[in-house]
Amino acid sequence: MNKKRILVVDDDPAILRLLSTNLKARGYETTTANNGEESLEVMQSELVDLIILDIMMPRVDGVEVCRRIREWSDVPIIILSARGDEKDKVKCLDLGADDYLTKPFGISELIARIKTAFRHRGDPTVAPAQSSFVCDGLEINYAKRRVTINGREIPLTPTEYSLLQHLAVNSDKVLTHTMILQSVWGIEYSSEKEYLRVFVGRLRRKLEPDPKNPRYIQTIPGVGYHLASMA
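In this text, residue positions in the sequence shown follow the working numbering: the first is 841, and each later residue adds one.
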């Protein structure tokens, strides 16, 4: 089995050494970059399975790197930042980051989030009993992890797809915020309602003709979400 390769981007050499050493000790291969420009060059020349990206760097910061990468790649991105402000977190998630971890953090917590990101990329949260989901022009092919609207393919990141599939598999149910967070992200994310709100918003922008008046992903005020299952 091929080892997963992780690109670690930080302008602090000590952080690069610490993360690279710990990731290698847990069976991952690593590539490092000490600034945003170098990280973009690495992404163009090497195959990378996940990026750990510091947000505060000179010239090209992590926010801009994330934005540029999302223009052409769905590789999982975990943001590291000393900024714990909710606005910074939401901004990065809105731009396409898969996760946001505030410094200082424990290595075990980072590893858990890496595993969650890889789970989204490869393994469905629930093995669907049916091969696909079809609803009013929206079609999800579970085997191919392919989503189309009226025949037009919609590119989703692994996390976006995992969330949409979970809603589709449970389209006959109203799912609470906590139920979705625990099933898609993991029990340690149970209180991260802002994560869920941001990712639902990202899906609506990609799927809905009018994201402000959603046809597919319905909000149940004070409860959670429901994916419409009309034929």
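Yeah, the Cβ is synthetic: ideal placement off N, Cα and C, and Gly gets one too. From a predicted model like this one, the values you see are computed outputs, not experimental measurements.
So what's residue i in DSSP terms, helix, strand or just coil?
i: residue 1053; result: coil
i: residue 936; result: coil
i: residue 872; result: strand
i: residue 855; result: helix
i: residue 958; result: helix
i: residue 965; result: Per-residue confidence for residue 965 stands at a pLDDT of 46, beneath the threshold of 50, marking its modelled position as unreliable; the derived number appears in the next sentence. In this structure, residue 965 counts as coil in the three-state DSSP scheme.
i: residue 860; result: helix
i: residue 992; result: strand
How many Å lie between residue i and residue j at the Cα?
i: residue 1038; j: residue 885; result: 31 Å
i: residue 1021; j: residue 859; result: 27 Å
i: residue 987; j: residue 1049; result: 15 Å
i: residue 1042; j: residue 1015; result: 18 Å
i: residue 874; j: residue 930; result: 24 Å
i: residue 990; j: residue 996; result: 16 Å
i: residue 852; j: residue 1067; result: 44 Å
i: residue 994; j: residue 981; result: 12 Å
i: residue 898; j: residue 880; result: 14 Å
i: residue 1029; j: residue 870; result: 26 Å
i: residue 992; j: residue 985; result: 14 Å
Among the options, which residue has its Cα nearest to the Cα of residue i?
i: residue 979; options: 853, 844, 1056 and 945; result: 1056
i: residue 843; options: 889, 883 and 849; result: 889
i: residue 903; options: 911, 932 and 871; result: 932
i: residue 908; options: 937, 925, 923 and 896; result: 937
i: residue 866; options: 1009, 954 and 926; result: 954
Give the DSSP bridge partners of residue i, in chain order.
i: residue 1035; result: Paired residue(s): none; residue 1035 is not in a bridge.
i: residue 890; result: 846
i: residue 1058; result: 1066
i: residue 905; result: BP columns for residue 905 are empty, so no partner.
i: residue 919; result: 893 and 940
i: residue 979; result: 974 and 988
Please give the ranges of any alpha helix (DSSP H) in the region 1000-1036, keeping only runs that are unbroken, at least 4 residues long and fully inside the region. 1017-1024
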